[in-house]
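Protein chains in written order, with our numbering: chain Z, 568 to 775; chain B, 456 to 807. Cβ coordinates follow ideal geometry from the N, Cα and C atoms, glycine included. Since the structure comes first, as structure tokens, the remarks are kept for the end.
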């Protein structure tokens, strides 16, 4: 021991004037003694730092919702039999349908890992995005928007109706009726399309 | 197979820009077949069907006409180790499991892994800084396969993969950098923290959970969803460019400001490599790190940066054993490694 502070963890053998000398040193003294040991330590510290950064990040993801009481139940994927607990443990998904089965957990997890969870990259040849039904997540936000627009307090629409020479307001009202019908009937794809049309029409009205 | 063992680092025989700092550039896509469970949940019968469907596609496509097929459970363990050390297959496939297959291009720079964590992993690897070229090769392979195979895909979430860290583009693009200058200047931690906000991550020479042995750093994208493939490649390219500049400055600066000390490190390391009788892989790589700096200074003739990059692979345990024709104990390997390096560095000193 040299510093008499830290416990000896590393043994270094030196040759001095033809004689072997064994030194039992702590990590820090060893680093001072040998440039090799110093480099090893630096690298270990570095990778430990990175591992911790990663673990903290992933740990927060895996912790799930902020309120533990709101933990989702351990559901099972009907297609492949994978359970939510297994997913959380292994960080592996069982089959493509698991993405739908464990949707709320997956959505949170993917958002934490990637940030933006709308795919912007390549698509398989012949894939038609319009034909794909909205997921529950997407449809719930469509419902939220349409619910807000159906509020009865005097809103933008009433104001717009006051100066509307082209009767676009009639179209707008009709669209809102259709929107309600679509969301009531769970036709969220149609609802999203109508929403877009409403937005475009309101923009037209407001710039007149 | 004999042929195979000696050729697994064929791609390293090519040249690429900045090979004094960038050892290699790699692009890999992960894909799964629609309607089948992923590797973790797929029983042997279903994974066999996956392998069959992929095989039919590969055999029927002119793009893969010259690709060699390796049935992993039938391959010799030594072959698998060499393939892994040459970065053509992952540790998962090196371990080997039923229904795993690998297809390799003749240039050994393109590989298709079947039934790794995902049904399909297509990868292209090139020497030096050639990110766009590697991405193009990977794109070509992916498109050729995608013509006939239905991939599990969601318009919202992109390509569906076994691990959520790959969902979306399924693209992992990376470079292997050698940064002894920045390590000596103790600037590495800064650099590594700098790359995080760009969705990039650094790993050691041996991949996940490995140390930064020999001052090698693999920088890759962490984010695969929400960005286009070209964007991901551009961000990595841009950041790598910055790190390159820093390393070049570090190497020049070290010798400018402290020539004697650096020379001492280089020549001491050279001395050990020229005369040691036993060298472990990690130790050899640490010593070789200084040799890189020596090459950059022109101290060695008959030893180029490209050859250096080849040596790093040649001293890995699998390659050593393959070179000597069979399994060796750890002690024998360490002795052979030292011998290989003694011979290789003999007569290397430049007369300038």
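Note that the stretch 550–570 of chain B does not touch the stretch 748–766 of chain Z; fewer than 3 beta-carbon pairs, one per stretch, sit closer than 8 angstroms.
In this structure, DSSP gives residue 674 (chain B) an extended state, which the three-state scheme calls strand. Per the Cβ contact rule, the stretch 625–642 of chain B is in contact with the stretch 698–718 of chain B (3 or more Cβ pairs under 8 angstroms). Bridge pairing for residue 566 (chain B): B:559, B:578 [DSSP]. Judged by beta-carbon spacing, residue 566 (chain B) lies beyond the 7 angstroms limit of residue 585 (chain B), meaning their Cβ atoms are not closer than that value. Within chain B, the residues whose beta carbon sits less than 8 angstroms from that of residue 696 (chain Z) are 610, listed in sequence order. DSSP links residue 643 (chain Z) through a beta bridge to Z:650. Here DSSP, grouped into helix, strand and coil, assigns residue 660 (chain Z) to coil. Contact of residue 679 (chain B) with chain Z by beta-carbon distance below 9 angstroms involves 680, 681, 688.
Of all residues in the stretch 462–488 of chain B, those with a C-beta nearer than 8 angstroms to a C-beta of chain Z are 487, reading in chain order. Taken through DSSP and simplified to helix, strand or coil, residue 489 (chain B) comes out as coil.
Between residue 537 (chain B) and residue 739 (chain B), the CB-CB gap reaches or exceeds 7 angstroms.
The Cβ of residue 615 (chain B) sits closer than 7 angstroms to at least one Cβ of chain Z. By the CB criterion at 7 angstroms, residue 601 (chain B) and residue 613 (chain B) fall outside the cutoff. Apart from sequence neighbours up to five positions away, the residues of its chain that approach residue 569 (chain Z) with a beta-carbon distance below 7 angstroms are 592, 596, ordered along the chain.
Around residue 622 (chain B), the beta-carbon contacts reaching into chain Z at under 9 angstroms are 660, 666, 673, 677, 680, 681, 684, 686. Interface with chain B (7 angstroms Cβ-Cβ cutoff): residue 691 (chain Z) is included.
Taking every protein chain shown into account, the CB of residue 619 (chain B) has 16 or more other CB atoms within 10 angstroms, so this residue is buried. Contacts with chain Z at 7 angstroms (Cβ-Cβ) include residue 495 (chain B). Within the stretch 570–656 of chain B, the complete alpha helix (DSSP H) runs of at least 4 residues fall at 586–601, 635–639, 643–650.
Closer than 7 angstroms to the CB of residue 499 (chain B) there is not a single CB belonging to chain Z. DSSP places residue 703 (chain B) in the uninterrupted alpha helix (DSSP H) bounded by 684–730.
Ranked by Cα distance from residue 799 (chain B), the options B:725, B:745, B:748, B:647 are led by B:725. Less than 7 angstroms separates the beta-carbon of residue 628 (chain B) from that of residue 688 (chain B).
Close partners of residue 640 (chain Z) in chain B (Cβ separation under 9 angstroms) are lacking, with about 20 angstroms as the shortest Cβ gap. In the DSSP assignment, residue 513 (chain B) falls within the unbroken alpha helix (DSSP H) covering 499–515. Taking a Cβ-Cβ cut-off of 9 angstroms, the neighbours of residue 657 (chain Z) in chain B comprise 495, given in sequence order. Contact of residue 726 (chain B) with chain Z by beta-carbon distance below 9 angstroms is absent, the smallest such distance being about 14 angstroms.
When secondary structure is reduced to three states using DSSP, residue 592 (chain Z) falls in the strand class. For residue 526 (chain B), the enclosing beta strand (DSSP E) covers residues 523–526.
Contact with chain Z is absent for residue 669 (chain B), since none of that chain's Cβ atoms lies less than 7 angstroms from the residue's Cβ. Contacts between residue 601 (chain B) and chain Z, judged by CB atoms closer than 7 angstroms, involve 691, 692 in chain order. Any Cβ of chain Z closer than 7 angstroms to the Cβ of residue 684 (chain B) would place that residue at the interface, and such an atom is present. Note that the C-beta distance between residue 655 (chain B) and residue 643 (chain B) is not below 7 angstroms. Residue pairing by DSSP places residue 579 (chain Z) opposite Z:590 in a beta bridge.
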